[in-house]
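Trainee: Residue numbers (our numbering): 7 to 677.
#1: Does residue 443 come out as helix, strand or coil in the three-state DSSP assignment?
#2: Out of 161, 444, 136, point me to the one whose CA is closest to residue 480's CA.
#3: What residue from 544, 472, 95 has the CA that sits closest to residue 162's CA?
#4: Helix or strand or just coil, what does DSSP make of residue 375?
#5: Just verifying my parser: in three-state terms, what is the DSSP assignment at residue 98?
#6: Indicate the three-state DSSP secondary structure (helix, strand or coil) for residue 678 in the structure shown.
#7: In whole angstroms, give me the CA-to-CA distance for residue 181 and residue 267.
#8: Mind the definition here: the stretch 403-418 touches the stretch 369-384 only if three or more C-beta pairs lie below 8 Å; say whether that holds.
#9: CA-CA distance, residue 343 and residue 404?
#10: If you draw a straight line from the C-alpha of residue 510 to the C-alpha of residue 491, how long is it?
#11: Can you grab the Cα-Cα spacing for the pair residue 151 / residue 120, in whole Å?
#12: Rounded to whole angstroms, what is the Cα-Cα separation between residue 282 and residue 352?
#13: What I want to know is whether the C-beta of residue 295 ends up closer than 7 Å to one or more non-hydrogen atoms of the ligand GDP.
#14: Taking the alpha-carbon of residue 442 as reference, which of 435, 458, 430 has the nearest alpha-carbon?
#15: Let's test the definition: count the other Cβ atoms within 10 Å of the Cβ of residue 494 and tell me whether it reaches 16, buried, or not, exposed.
#16: Under a three-way DSSP split, which group does residue 494 fall into?
#17: Return helix, strand or coil for residue 150, following the three-state DSSP convention.
#18: What residue does the beta strand (DSSP E) around residue 185 start on, and which one ends it?
#19: To which residues of the same chain is residue 154 closer than 6 Å at the C-beta, ignoring the five residues directly before and after it?
#20: Under 6 Å Cβ to Cβ from residue 330, same chain only, skipping five residues before and after it: list those, please.
#21: Does the Cβ of residue 231 have 16 or more other Cβ atoms within 10 Å, making it buried, or fewer, making it exposed?
#22: First and last residue of the alpha helix (DSSP H) that includes residue 254?
#23: Counting only the same chain and skipping the five closest in sequence on each side, list residues whose C-beta sits under 6 Å from that of residue 269.
#24: Determine the DSSP secondary structure at residue 501, reduced to helix, strand or coil.
#25: In or out: residue 631 buried (at least 16 other Cβ within 10 Å) or exposed?
#26: Please go through the same chain and pick out, in chain order, the residues whose beta-carbon is closer than 6 Å to the beta-carbon of residue 530, but skip the five residues on each side of it.
#27: What does a CB cutoff of less than 8 Å around residue 107 pick up in its chain, not counting 5 residues either side in sequence?
#28: Take every Cβ of the stretch 360-372, pair it with every Cβ of the stretch 282-297, and state whether three or more of those distances are shorter than 8 Å.
#29: Count Cβ pairs between the stretch 561-572 and the stretch 493-507 that sit closer than 8 Å; are there 3 or more?
Here is the structure:
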């Protein structure tokens, strides 16, 4: 057996810790010294006897303390170290105060360091003072204890805030800065959020005006997880106004005059705060005059007096009026603006039929489009006046009961039609400019604002005009004859063809019945063709008098521009009508050709007569017999031209009927 005193002793770390924990205990110290000597002895013996080999199994732990002593020492050590939990408030003692940090002992194995900025009054700190701090981290990456004075203050205030929220208490706070949607409020050192809608019962437009102000608040929401607080000042204002609101509603009556504040402005009216009760002041009740937008009369936050017009049974919809507190503008309006007087006003509205002029607030008059000019044909009032323009007008009519005033603009100037008959006598020649063309004629301006009409039938003596554009163009300067003046209806009839001589007086001989002529086809109708004759006059050829047979309509055998040989079969100067026949001209041509052949045969007759003289007498007797026979047949030969004349008369009558039908057809198409 190896002596225990000569065996090496293995160091026990737990025993060393226990020894350190009870370093003041003398008995423990005395027990440790022999162990140290044993270690020394073992070490000396080992190195002294280098050749000796000791098996590890021979080495045994030297039990310095028994189990009871060991447990007692461990309990004593544990009592010296308090248990610390992160996220709680602990009490510590200030050990040192530096320029940037404060060292605090909380009873841990090491002290914690807090930045001096976290203390609201660092100059009042003293070494040895006990303070509450927040244990943020027991050991950070550097093994340091992390403490916070700021978080400790927040935790103490947070508990008060949560308690105040539960009891519904009113807290005092300061608006410190503006953020999106509201204001940050300093509530006992903790930041709280005040939404813009919770500042006041009225919409707030300038949040900056509240920065730095102290107000009373009530906590309306607390988020424990995020440590967020929402406060409201509005709920306190509403509670204050509740009693006042009830008092107003109890005494509310129609016709009552109340003072209120403009709370909101919309396109259709203004909301008025009457002291906890809102009423609507409609745009129509703002002023007796025309109002485009309520902002023209009132502004936000204005204090005004209004009259209660109506309300429902629940009294949650109150109609208010502002103009009702002012005298009605139509009182004595007939004395202020008598008929015939001249007024000055502003054009406030324009419609298709006229312009409305504001004479004063609430009094408007209408200038009808027909009362804007003596001479011009105005298509729209905006061509004469514009909105916002200040003009003068004359009062034409006044209806006080209907609240209507008729005004005139043209009455400020003399009527040019008063002397129209003296300036434009019937039969006089005038010079004008073609201003407009219509289907029925052309308007010629004689002077500014004075137009006359040249009817389509007065454009040409000889041609049938289908549109005035065939003769005149817009902007042409022309001479015309005044045919008629209608002063009452303000109309002047003019003639264009009358400036030239009537050629129909000379056409009587030139286009007598039976006269041969030529014509160019200018247009075709179902009843025949219209041809242009010499002297720029039109003639009509019925389809029955066309040479080509078996055609249903003229266009089947003719084309515009064809030149025809014609014979006049009817002439009517009164109705300006010339009817012609191509068929008769063709027949006459054939007769003339046959007559020419007879003349050629007559030239050869003398030679034959000489030969006949030498003939025998019997032949002469035979000729005499033929002559007698011819005399006997003469009445029958004379009867043939009479029949042809009757036939021609019938054809001419039919041609006249066709011409009249053609005229009627053309007039129908043109209409």
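Virtual Cβ for every residue (Gly too), placed ideally from N, Cα, C.
Mentor: The answer reads as follows:
#1: strand
#2: 444
#3: 95
#4: helix
#5: strand
#6: Only positions 7 to 677 of the chain appear in the structure, and residue 678 is not among them; the question remains open.
#7: 25 Å
#8: yes
#9: 9 Å
#10: 27 Å
#11: 10 Å
#12: 40 Å
#13: Among the components modelled here there is no ligand, and therefore nothing to report on the ligand GDP.
#14: 458
#15: exposed
#16: coil
#17: coil
#18: 176-185
#19: 140, 142
#20: 313
#21: exposed
#22: 240-256
#23: 208, 277, 279
#24: strand
#25: For residue 631, the predicted model reports a pLDDT of 38, less than 50, meaning its position is unreliable; a value from the coordinates is still stated below. Exposed, since its Cβ has fewer than 16 Cβ neighbours within 10 Å.
#26: 560, 561
#27: 119, 120, 121, 122
#28: yes
#29: no
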